[in-house]
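Undergrad:
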Amino acid sequence: MDNRTGEMQVFIRVVESGSFSETARQMMMTPSTVSKLISRIEERLGVRLLERSTRRLSLTTEGRHYYERSRTLLGQLEEIEREVSLGAAKVRGTVRVSASVGFGMVAVEPLLPAFWREYPHVVIDLSLSDEIVDLYLDRTDVVFRVGNLASSNLTSRKLGTAQRKIVASPDYLERFGKPERIQDLANHQCLGLNFRRSVPVWPLKEGGRVLNRNISGPLIANNGESLRRMALAGMGLARMGEFHVRDDLRTGALVEIMDEAVEGDSEDVHALFLGGSLVPHRVRVFLDFMAPRLKAFLDAGTRA
Numbered sequence: 001m002d003n004r005t006g007e008m009q010v011f012i013r014v015v016e017s018g019s020f021s022e023t024a025r026q027m028m029m030t031p032s033t034v035s036k037l038i039s040r041i042e043e044r045l046g047v048r049l050l051e052r053s054t055r056r057l058s059l060t061t062e063g064r065h066y067y068e069r070s071r072t073l074l075g076q077l078e079e080i081e082r083e084v085s086l087g088a089a090k091v092r093g094t095v096r097v098s099a100s101v102g103f104g105m106v107a108v109e110p111l112l113p114a115f116w117r118e119y120p121h122v123v124i125d126l127s128l129s130d131e132i133v134d135l136y137l138d139r140t141d142v143v144f145r146v147g148n149l150a151s152s153n154l155t156s157r158k159l160g161t162a163q164r165k166i167v168a169s170p171d172y173l174e175r176f177g178k179p180e181r182i183q184d185l186a187n188h189q190c191l192g193l194n195f196r197r198s199v200p201v202w203p204l205k206e207g208g209r210v211l212n213r214n215i216s217g218p219l220i221a222n223n224g225e226s227l228r229r230m231a232l233a234g235m236g237l238a239r240m241g242e243f244h245v246r247d248d249l250r251t252g253a254l255v256e257i258m259d260e261a262v263e264g265d266s267e268d269v270h271a272l273f274l275g276g277s278l279v280p281h282r283v284r285v286f287l288d289f290m291a292p293r294l295k296a297f298l299d300a301g302t303r304a
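FYI, in our numbering the residues of the sequence shown are 1 to 304.
1. Tell me which residue opens and which closes the beta strand (DSSP E) that Leu193 is part of.
2. Could you say which of Ala300, Ser100, Ser35 lies nearest to Phe195 if we only look at CA atoms?
3. Is it right to say Gly208 is buried, meaning 16 or more other beta carbons lie within 10 angstroms of its own, or is it exposed?
4. Short check: CB of Glu242 to CB of Gly301, under 9 Å?
5. Kindly indicate which three-state DSSP category Thr140 falls into: helix, strand or coil?
6. In this structure, does DSSP put Glu51 in helix, strand or coil?
7. Buried or exposed, going by whether 16 or more other CB atoms sit within 10 Å of the CB of Pro179?
8. Counting Cβ pairs, one atom from each stretch, are 3 or more of them under 8 Å apart for the region 226 to 246 and the region 152 to 168?
9. With a threshold of 16 other CB atoms inside 10 Å of the CB of Ile132, please say whether the residue is buried or exposed.
10. Which runs of the beta strand (DSSP E) spanning at least 3 residues fall entirely within the region 227 to 254, listed in chain order?
11. Terminal residues of the continuous alpha helix (DSSP H) containing Gln26?
12. Considering just the uninterrupted stretch of the alpha helix (DSSP H) at Arg117, what are its terminal residues?
13. If you follow the alpha helix (DSSP H) that Leu173 is in, where does it begin and where does it stop?
14. According to DSSP, is Ser216 helix, strand or coil?
15. Could you tell me which residues DSSP pairs with Pro200 in its beta bridges?
16. Let me make sure I understand the geometry here. Which of Phe289, Asp141, Lys158, Pro203 has the alpha-carbon closest to that of Gly93?
17. Taking the CB atoms as reference points, tell me whether Ala253 and Leu232 lie closer together than 9 Å.
18. Leaving out the 5 sequence neighbours to the left and right, which residues in its chain are closer than 7 Å to Pro292 when beta-carbon positions are compared?
19. Is Leu59 closer than 9 Å to Leu45 when the C-beta atoms are compared?
20. Distance check for Ser266 and Val305, CA to CA, integer angstroms please.
21. Excluding five sequence neighbours on each side, which residues of the same chain lie with their C-beta closer than 6 Å to the C-beta of Ser127?
22. When the distance is taken between beta carbons, is Arg213 closer than 9 Å to Leu219?
23. What would DSSP say about Ala186, mapped onto helix, strand or coil?
24. What's the call for Met230, buried or exposed, on a 16-neighbour Cβ count within 10 Å?
Structure representation (structure tokens):
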């Protein structure tokens, strides 16, 4: 132990226990190591701090001053760390957050005003993208991810499950008809995604088996929100997360089709972050605030 705060901690423990051996036992050191640390402090300061005898230890005048100031200094250090790590009213800083476009718009953004009312000094740096984000390279604190997780050393917190649905506008179905079977999709415009991890197929259930059906249509986009808007405009069929089109289905702006074919077609939703149990408090309060509310949001879709 070669740092001064560590030496102060040992010195304080010696004074308060009155014994080198008891200090050694409490701090899992040897008595000779404790003795050497005290001697090193005295040599550096050029004064004697403790009077040693076979029966007891006693403080010199200089030792009393060093003890009192050391306790004050270490107490202030603990207070500084407590202010940084604890206390909602004192939580400050920026939390960099990434989410898919759809999930960010319909699930994350609506919760932010309530979060700011509770933590007014926290800045949320929000980026929406359906591309995979690298937390290290992009200096991101929290990622909300829909889909399978690759193996990594990131800490994950499962928020819930998102059911997939195939939807279309009433106008589109009036013009092109309603597909009833998987084979019918060959005669329909299917809107797709173009980002790197996407594939131009829809996993659809038929006869107890899941078949990967190739799809094509007038639009491929790099985010689900563009697909939703084009589906609303009558451009074609879209395979979307239930949470993304929940309000559209409720109002009738979009209609669910082929529900049996997408039965069980779902993806888990996680919050991913760095640090594990040592995550900064500004990030911890954000996760603790958002996680139960996002879980309730996703569960509402599962029960529907």
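Virtual Cβ for every residue (Gly too), placed ideally from N, Cα, C.
TA: Judging by the given coordinates:
1. Residue numbering aside, residue 193 sits at position 193 when the sequence shown is read from its first letter. That run of the beta strand (DSSP E) goes 190 to 193.
2. For the purposes of this step, residue 195 is taken as residue 195 along the sequence shown, with counting starting at 1. Closest by alpha carbon: Ser100.
3. Locating residue 208 in the sequence shown gives position 208, counting from the first residue. Exposed.
4. Locating residue 242 in the sequence shown gives position 242, where the first residue counts as 1. Locating residue 301 in the sequence shown gives position 301, where the first residue counts as 1. The criterion of a C-beta distance shorter than 9 Å is satisfied by Glu242 and Gly301.
5. Against the sequence shown, residue 140 aligns to sequence position 140. Coil at Thr140, not helix or strand.
6. Residue mapping note: residue 51 aligns to position 51 of the sequence shown, counting from 1. The answer is strand: DSSP assigns Glu51 an E or B state.
7. Position 179 of the sequence shown, counted from the start, is the residue given in the question as residue 179. Under this definition Pro179 is a buried residue.
8. When C-beta atoms of the region 226 to 246 are compared with those of the region 152 to 168, three or more pairs fall below 8 Å, so the two segments count as touching.
9. Sequence index remark: in the sequence shown, residue 132 carries index 132 (1-based). Counting Cβ neighbours within 10 Å, Ile132 comes out exposed, since fewer than 16 surround it.
10. 237 to 241
11. Taking the sequence shown and counting its residues from 1, one reaches residue 26 at position 26. Looking at the DSSP string, the run of the alpha helix (DSSP H) that includes Gln26 is 20 to 26.
12. Mapped onto the sequence shown, residue 117 falls at position 117. First-last of the alpha helix (DSSP H) with Arg117: 112 to 118.
13. In the sequence shown, the residue the question calls residue 173 occupies position 173. 170 to 176 is the extent of the alpha helix (DSSP H) around Leu173.
14. Residue 216 sits at position 216 when you count from the first residue of the sequence shown. Residue state, collapsed to three classes: coil.
15. In the sequence shown, the residue the question calls residue 200 occupies position 200. According to DSSP, which records beta bridges pairwise, Pro200 is partnered with nothing at all.
16. As a working note, residue 93 is residue 93 in the sequence shown. That would be Asp141, whose Cα lies nearest to the Cα of Gly93.
17. Residue numbering aside, residue 253 sits at position 253 when the sequence shown is read from its first letter. Residue numbering aside, residue 232 sits at position 232 when the sequence shown is read from its first letter. A contact, by the Cβ cut-off of 9 Å.
18. Mapped onto the sequence shown, residue 292 falls at position 292. So the list is empty, once near-sequence residues are dropped.
19. Taking the first residue of the sequence shown as position 1, residue 45 is located at position 45. Taking the first residue of the sequence shown as position 1, residue 59 is located at position 59. No, these two residues do not count as a Cβ contact at 9 Å.
20. Examination of residue 305 is not possible in this model, given that the chain is present from 1 through 304 alone.
21. Position 127 of the sequence shown holds residue 127. Answer for Ser127: Ser98, listed in chain order.
22. The count along the sequence shown starts at 1 and reaches residue 219 at position 219. The count along the sequence shown starts at 1 and reaches residue 213 at position 213. It is not a contact, given that the beta carbons lie outside the stated cut-off.
23. As a working mapping, residue 186 is identified with position 186 in the sequence shown. The answer is helix: DSSP assigns Ala186 an H, G or I state.
24. Stepping through the sequence shown from its first residue, residue 230 is reached at position 230. The residue is buried, with at least 16 neighbouring Cβ atoms inside 10 Å.
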